[in-house]
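Peer 1: Counting from 28, one number per residue, gives the positions in the sequence shown under this note's numbering.
The beta carbon of each residue, even a glycine, is placed where N, CA and C say it ideally should be.
Predicted model, so just to flag it, every value in this text is computed and none were measured.
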Amino acid sequence: MVLNVTEPARIGRTYAMALSGLHGELVTVEADIGGALPGFTLVGLPDQSLNEAKDRIRAAARNSGMPITRRHLTVNLTPAGLHKSGPLFDLAIVMAAYGAEYRVNDETGPVFLAALGLDGTLQHVPGLLAAVLAAQKAGFDTVVVAEASKKEAELVSGVTVLSYRHLSAVLEDFGAAVRSENFDVFTASAPDATMQEPDRQDELDFAEVAGQHHARWALEVAAAGGHHLLFQGPPGSGKTMLAQRLPTILPHLDEKVSLETTAIHSLASSQAKVIASITTPPFQAPHHTASLASVIGGGTRQAQPGAISLAHGGVLFLDEAPEFDRRVLEALREPLENRHIELSRLRHNVIYPASFQLLLAANPCPCGWGYAGSRQCSCTSAVRRRYNARLSGPLLDRIDILVGLHPVTSRDLNRRGMQPESSATIRQRVLAARARQAERLKGTGICVNAEMNQRLLHHPSLSVSPSARAILDRSLDRGEITARGYSRILKVAWTLADLAEQTHPGVDEIDMAFHLKLWGSEHDR
Numbered sequence: 028m029v030l031n032v033t034e035p036a037r038i039g040r041t042y043a044m045a046l047s048g049l050h051g052e053l054v055t056v057e058a059d060i061g062g063a064l065p066g067f068t069l070v071g072l073p074d075q076s077l078n079e080a081k082d083r084i085r086a087a088a089r090n091s092g093m094p095i096t097r098r099h100l101t102v103n104l105t106p107a108g109l110h111k112s113g114p115l116f117d118l119a120i121v122m123a124a125y126g127a128e129y130r131v132n133d134e135t136g137p138v139f140l141a142a143l144g145l146d147g148t149l150q151h152v153p154g155l156l157a158a159v160l161a162a163q164k165a166g167f168d169t170v171v172v173a174e175a176s177k178k179e180a181e182l183v184s185g186v187t188v189l190s191y192r193h194l195s196a197v198l199e200d201f202g203a204a205v206r207s208e209n210f211d212v213f214t215a216s217a218p219d220a221t222m223q224e225p226d227r228q229d230e231l232d233f234a235e236v237a238g239q240h241h242a243r244w245a246l247e248v249a250a251a252g253g254h255h256l257l258f259q260g261p262p263g264s265g266k267t268m269l270a271q272r273l274p275t276i277l278p279h280l281d282e283k284v285s286l287e288t289t290a291i292h293s294l295a296s297s298q299a300k301v302i303a304s305i306t307t308p309p310f311q312a313p314h315h316t317a318s319l320a321s322v323i324g325g326g327t328r329q330a331q332p333g334a335i336s337l338a339h340g341g342v343l344f345l346d347e348a349p350e351f352d353r354r355v356l357e358a359l360r361e362p363l364e365n366r367h368i369e370l371s372r373l374r375h376n377v378i379y380p381a382s383f384q385l386l387l388a389a390n391p392c393p394c395g396w397g398y399a400g401s402r403q404c405s406c407t408s409a410v411r412r413r414y415n416a417r418l419s420g421p422l423l424d425r426i427d428i429l430v431g432l433h434p435v436t437s438r439d440l441n442r443r444g445m446q447p448e449s450s451a452t453i454r455q456r457v458l459a460a461r462a463r464q465a466e467r468l469k470g471t472g473i474c475v476n477a478e479m480n481q482r483l484l485h486h487p488s489l490s491v492s493p494s495a496r497a498i499l500d501r502s503l504d505r506g507e508i509t510a511r512g513y514s515r516i517l518k519v520a521w522t523l524a525d526l527a528e529q530t531h532p533g534v535d536e537i538d539m540a541f542h543l544k545l546w547g548s549e550h551d552r
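1) With distance defined between alpha-carbon atoms, name the residue in Q481, L429, L468, A510 nearest to A242.
2) Could you round the C-beta distance between S382 and H339 to whole angstroms and report it? I think they count as a contact, below 8 Å.
3) Residues in the same chain with beta-carbon distance under 7 Å from E181, minus the five sequence neighbours each way, listed in chain order, please.
4) Answer with buried or exposed for A477, where buried requires no fewer than 16 other C-beta atoms within 10 angstroms of its C-beta.
5) Spatial neighbours of C474 within its chain, please: CB distance less than 8 Å, with the 5 preceding and 5 following residues excluded, ordered by chain position.
6) Cβ of G325 less than 8 Å from any chain D Cβ?
7) From which residue to which residue does the alpha helix (DSSP H) around H314 run?
8) Classify H531 as helix, strand or coil using the three-state DSSP reduction.
9) In angstroms, rounded to a whole number, what distance separates the CA positions of V205 and S91?
10) Exposed or buried, which one is G61 when buried takes at least 16 other CB atoms within 10 Å?
11) How many Å lie between V171 and L143 at the Cα?
12) Taking 7 Å as the limit between beta carbons, can you name the residues of its chain near S293, skipping five residues before and five after?
13) For G341 and G265, I'd like the C-alpha separation in whole angstroms.
14) With distances taken Cα to Cα, identify the nearest neighbour of G48 among R505, I291, Y513.
15) May I ask which residues mark the beginning and end of the beta strand (DSSP E) holding T41?
16) Report the start-end ranges of each beta strand (DSSP E) in the region 401-461 that is 3 residues or longer and not cut off at the edges.
17) With K518 and D427 assumed to form a contact (beta carbons below 8 Å), what rounded beta-carbon distance in angstroms separates them?
18) Grab me the residues of G147's own chain with a C-beta within less than 7 Å of its C-beta, minus the 5 sequence neighbours each way, in chain order.
19) Could you give the uninterrupted runs of the alpha helix (DSSP H) lying entirely in the region 282-360, keeping only those of 4 residues or more?
20) What first and last residue would you give for the beta strand (DSSP E) that runs through A58?
21) Any idea what DSSP makes of E536, helix, strand or coil?
22) Can you check whether the CB of G324 is closer than 8 Å to the CB of S336?
23) Using a threshold of 8 Å, state whether the C-beta atoms of S304 and P313 are closer than that.
24) By Cβ distance below 8 Å, which residues in the same chain neighbour G108 in space, the five residues on each side in sequence not counted?
25) Could you check whether A330 and R272 sit closer than 8 Å to each other, using their CB atoms as the reference points?
26) Helix, strand or coil for P380? Go by DSSP, reduced to three states.
27) Could you give the distance in angstroms between the alpha-carbon of E287 and the alpha-carbon of Q455?
28) Going by beta carbon distance, what residues of the same chain come within less than 6 Å of N376, once the five residues before and after it are set aside?
29) I need the straight-line Cα distance from F67 to R97, nearest angstrom please.
30) Would you grab the beta carbon distance between A45 and K111 for me? Rounded to a whole angstrom, and I think it's under 8 Å.
31) As an exercise, report each continuous alpha helix (DSSP H) stretch of at least 4 residues that is fully enclosed by the region 144-182, in chain order.
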C-alpha cells in the first residue's frame with residue numbers, strides 16, 4: 028500500500044484479522060471521507076472496546092505529524108456480520124483513513140496487526156501469532172506489526188514481517204509526507220514488551236525422587252503411550268513431586284503442536300507479553316478452587332482459553348482432584364475424548380485445541396491417611412466412599428492408569444549406592460517406545476497408543492493372542508470392566524509391549540495393564 032498525497036481518492040482500503048479463538052477471519056477495512064461536519068463513524072459490528080479506538084486513533088495520528096481529516100470519517104469493517112473486538116484493528120483503521128485522503132496504488136498490500144498508543148507508538152496485541160497464521164492461510168505473505176511483536180510474528184515461516192516502533196515510520200515507509208514540525212515524538216521509543224518464556228521444567232529431574240519405584244514406572248508407561256493417570260496416596264507421599272517431573276520425560280513438541288500451543292499462550296497473554304516459541308510440553312496445575320471458565324475456558328465477553336488448552340501438547344495436573352468443583356471434573360470428559368473444546372458464545376462458537384495428558388492426584392480419604400499404615404485414619408468407610416465418589420465412574424473410566432502411593436520410608440531416603448534414574452535416561456526409553464508406535468501407526472493420523480480407536484484396536488495387524496484377549500473378555504462379561512475400560516487396558520498393553528521391545532502384547536502385558544488400570548478397586552472406590 029503506497030499513499031500518494033497529491034491525488035484525492037474516495038475510499039481507503041486495508042486489511043486486518045478478526046480472531047475467534049485461534050481461527051482468524053480476514054477483515055477488509057474501508058474508510059470514506061465525506062461531508063463538512065467533523066465526525067468518526069465505525070460500522071461493521073464492532074464491540075465497545077473497538078468503538079473506543081476512535082479517539083485513540085485520532086490522537087495517535089495527530090501525534091505522528093499527520094492528523095486525520097477534520098471532515099466526517101466513516102470506517103466500515105467487512106464482513107459486516109462478523110463480531111469484531113479489541114485493539115487488533117487500530118493500525119489497519121488509521122492506514123485506511125490515510126488512504127481515504129490520498130490515492131492508494133496497491134490494494135493488495137499487507138495485513139496490519141498492531142495497536143496504537145496515544146503518542147503513536149505501535150503496541151503488541153494478544154493473539155498476534157494466531158492472527159499471522161490466519162493471514163498466511165488467507166493468502167497474504169506480508170504483515171505489519173509492532174517492533175515488540177517481531178519475534179513472535181517471525182515464528183510463522185514464509186511470511187515477511189515488517190515491524191515498526193512508531194506510526195510515523197509506517198507512514199514514511201508507505202509513501203506519506205509526514206509533517207514533522209511541532210512534533211518531537213518521532214524519536215520516542217515504545218517500551219520493550221516483556222518476552223514471556225514458557226515455564227521451564229529443565230531444573231526438575233527424576234533423580235531427585237527417592238523411592239516410589241512403582242509410581243516412577245507408571246509415569247514412564249504413561250509418557251510412552253500418552254495415557255491419563257491417577258495418583259492416590261497420603262500427604263507427603265510424593266504425588267506432586269512426581270507429577271511435576273512428567274514433562275521432563277516427554278518428547279519435544281512437533282512444529283504443528285508447537286505453533287498451536289504458542290498461539291494459545293499468545294492469545295491468553297496480557298497486553299505487554301510477547302510469547303517465545305514453546306517447544307517443550309507445557310505443564311498446567313490449576314488450584315482446586317479454580318472456576319469452570321479458568322479450567323475449561325470461557326469469559327464474559329470473549330471465550331478465552333482455559334488451563335486445558337494452555338496444557339495442549341503437555342500435562343494438565345489436578346492436585347487434590349476430589350476437591351475440584353464437580354462441574355469442572357465432569358466437563359473434562361468431552362476434551363479427554365475429542366482432544367478439543369468447543370465454547371459457545373452469543374452468535375458464535377469458539378474451538379480450542381485441548382490435547383493433553385491428564386494427571387490427577389488425590390488423598391484416599393478426607394483426613395488423608397486411609398490405607399497409609401503409618402497413621403490412624405479417622406474416616407469411616409461411608410465417608411471414604413463419598414469422598415472417592417467425587418471422582419465419577421465415567422471420569423475414572425477415561426483414566427488409563429491408577430497408582431497407589433505409600434509414604435516414603437527412611438530406608439528409601441537413606442538407601443546408598445542406588446542412585447535413582449535420571450529423567451534423561453527414562454526419556455530415552457520413552458522416545459524409543461514412541462518411535463515404535465509412530466512406525467506401527469504410520470498413515471493413521473495418530474502417533475501414540477492412547478489415541479487408538481476401536482477400528483485400529485481390532486485391525487488384524489494389531490491383533491493379540493487368543494489367550495491374552497480371553498483375559499479381557501472374561502473381565503468384560505463379569506462386569507469388572509466396561510467396554511471403554513476394555514479398550515484402555517488394551518492400549519496400555521500395547522505401550523508395555525513397546526517399552527519391552529515386543530511386536531505384540533502377550534498375557535504378561537495384559538496382566539500388567541490390568542494391574543495398572545484396576546488398582547484401588549478394593550479401596551471402596
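Peer 2: Inspection of the coordinates gives the following:
1) For the purposes of this step, residue 242 is taken as the residue at position 215 of the sequence shown. Comparing Cα positions, the closest option is L429.
2) Position 355 of the sequence shown, counted from the first residue, corresponds to residue 382. Position 312 of the sequence shown, counted from the first residue, corresponds to residue 339. That belief holds up - the Cβ atoms of S382 and H339 are roughly 6 Å apart, short of 8 Å.
3) What you label residue 181 is simply residue 154 of the sequence shown in a count that begins at 1. Cβ within range, chain order: V188.
4) Along the sequence shown, read from residue 1 onward, the residue named residue 477 stands at position 450. Buried, since its Cβ has 16 or more Cβ neighbours within 10 Å.
5) Counting from one through the sequence shown, the residue named residue 474 turns up at place 447. Taken in chain order, the residues that qualify are R461, Q464, A465, L468.
6) Within the model displayed, chain D is absent; a lone protein chain is all it includes.
7) Taking the first residue of the sequence shown as position 1, residue 314 is located at position 287. H314 -> no alpha helix (DSSP H), and no H or E assigned at all.
8) For this step, residue 531 is matched to residue 504 along the sequence shown. Residue state, collapsed to three classes: coil.
9) On the sequence shown, position 178 is the one that residue 205 refers to. On the sequence shown, position 64 is the one that residue 91 refers to. Because V205 sits at a pLDDT of 48, beneath the cut-off of 50, its placement in the model cannot be relied upon, and the following sentence gives the value as read from the coordinates. C-alpha separation (whole angstroms): 8 Å.
10) Position 34 of the sequence shown, counted from the start, is the residue given in the question as residue 61. So G61 counts as exposed.
11) Locating residue 171 in the sequence shown gives position 144, counting from the first residue. Locating residue 143 in the sequence shown gives position 116, counting from the first residue. Going by the C-alpha atoms only, they are around 13 Å apart.
12) Translated into the one-based positions of the sequence shown, residue 293 becomes position 266. The answer, listed in chain order, is P153, G154, L155, L156, A157, E179, I302.
13) Counting from one through the sequence shown, the residue named residue 341 turns up at place 314. Counting from one through the sequence shown, the residue named residue 265 turns up at place 238. G341 and G265: Cα-Cα distance of roughly 20 Å.
14) As a working mapping, residue 48 is identified with position 21 in the sequence shown. When each option's Cα is compared against that of G48, the closest is I291.
15) For this step, residue 41 is matched to residue 14 along the sequence shown. Unbroken beta strand (DSSP E) run through T41: 38-47.
16) 428-431
17) One-based indexing of the sequence shown puts residue 518 at position 491. One-based indexing of the sequence shown puts residue 427 at position 400. 7 Å between Cβ atoms; contact.
18) Residue numbering aside, residue 147 sits at position 120 when the sequence shown is read from its first letter. So the list reads A87, N90, S91, H193, L194, S195, V212, once near-sequence residues are dropped.
19) 282-295, 319-323, 334-337, 353-358
20) Indexing the sequence shown from 1 puts residue 58 at position 31. Run containing A58: 50-61, per the beta strand (DSSP E) assignment.
21) By one-based count along the sequence shown, residue 536 stands at place 509. Note: E536 maps to helix in three-state DSSP.
22) Taking the sequence shown and counting its residues from 1, the one referred to as residue 336 is at position 309. Taking the sequence shown and counting its residues from 1, the one referred to as residue 324 is at position 297. In contact: S336 and G324 (Cβ atoms closer than 8 Å).
23) As a working mapping, residue 304 is identified with position 277 in the sequence shown. As a working mapping, residue 313 is identified with position 286 in the sequence shown. The answer is no: Cβ separation not under 8 Å.
24) Locating residue 108 in the sequence shown gives position 81, counting from the first residue. Correct list, in chain order: L72.
25) Along the sequence shown, one-based indexing puts residue 272 at 245. Along the sequence shown, one-based indexing puts residue 330 at 303. No, the Cβ-Cβ distance between R272 and A330 is not below 8 Å.
26) Taking the sequence shown and counting its residues from 1, one reaches residue 380 at position 353. Three-state DSSP puts P380 in a strand.
27) In the sequence shown, residue 287 corresponds to position 260, counting from 1. In the sequence shown, residue 455 corresponds to position 428, counting from 1. So the alpha carbons of these two residues sit roughly 26 Å apart.
28) Translated into positions along the sequence shown, residue 376 becomes position 349. Once the five neighbours on either side are set aside, the close Cβ partners of N376 are E369.
29) As a first step, residue 67 must be located in the sequence shown, where it is residue number 40. As a first step, residue 97 must be located in the sequence shown, where it is residue number 70. Cα-Cα distance, rounded: 9 Å.
30) Position 18 of the sequence shown holds residue 45. Position 84 of the sequence shown holds residue 111. A45 to K111, Cβ: 5 Å. Contact.
31) 155-164, 177-180
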